[in-house]
Each structure stands twice: as C-alpha cells, then as structure tokens.
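Below is one structure; the comments refer to it alone.
Numbering (our numbering), first residue to last: 720 to 802.
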C-alpha cells in the first residue's frame, strides 16, 4: 500500500515540475497522469537511445521522468494549438 502512495506522489511531483517547466497549470489528477505517462516515455527513450545519467539512481530516475513528462507536454501542445 505504501508503495502505491509513493508512486502516486512521485507521479504528481513529476507532472507538477513538467507543468512548471512548460508554463502550464493543471490539477493533481492531470499532473499524476502526465507524471506517470511522461515517466514511461522518458525511460523508454533513454533506454532505446542507451543513455545513462551519471547520477544516483533516484535522481536519475526523477530527471528522466521529468524529461519524459516535458516531452509529453510539448507533443500535446503541438496538437492542441492546431485544433
């Protein structure tokens, strides 16, 4: 149970940081979704490109997740502006 709570809190944090970086304002649920999906995108890209960060595991995972969430928001912004 505690692991799920930590997963949710980290997802919200990652989505919040990405939203700040992209100058967007979302609620907790949207930040959670952005954080979780962005984390998947970031980890997939870094793994596919064989990029590893010279940081402790927790910090590297957070940074990769934030980068993935920023990429997600950027891509969503491209579609949103066209509609």
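Note that beta-carbon positions come from the ideal geometry of N, C-alpha and C, so glycine has one too.
Predicted model, so just to flag it, every value in this text is computed and none were measured.
For the putative contact between residue i and residue j, defined by C-beta atoms under 8 Å, what is the C-beta separation to the nearest angstrom?
{"i": "residue 792", "j": "residue 753", "result": "7 Å"}
First and last residue of the alpha helix (DSSP H) that includes residue i?
{"i": "residue 768", "result": "Run containing residue 768: none; DSSP gives neither H nor E here."}
{"i": "residue 734", "result": "721-740"}
What do you reckon, are the CB atoms on residue i and residue j nearer than 9 Å?
{"i": "residue 756", "j": "residue 788", "result": "yes"}
{"i": "residue 733", "j": "residue 758", "result": "yes"}
{"i": "residue 727", "j": "residue 764", "result": "no"}
{"i": "residue 729", "j": "residue 781", "result": "yes"}
Residue i: beta carbon under 8 Å from a heavy atom of the ligand GDP?
{"i": "residue 771", "result": "The model on display carries no ligand, and the ligand GDP is accordingly not part of it."}
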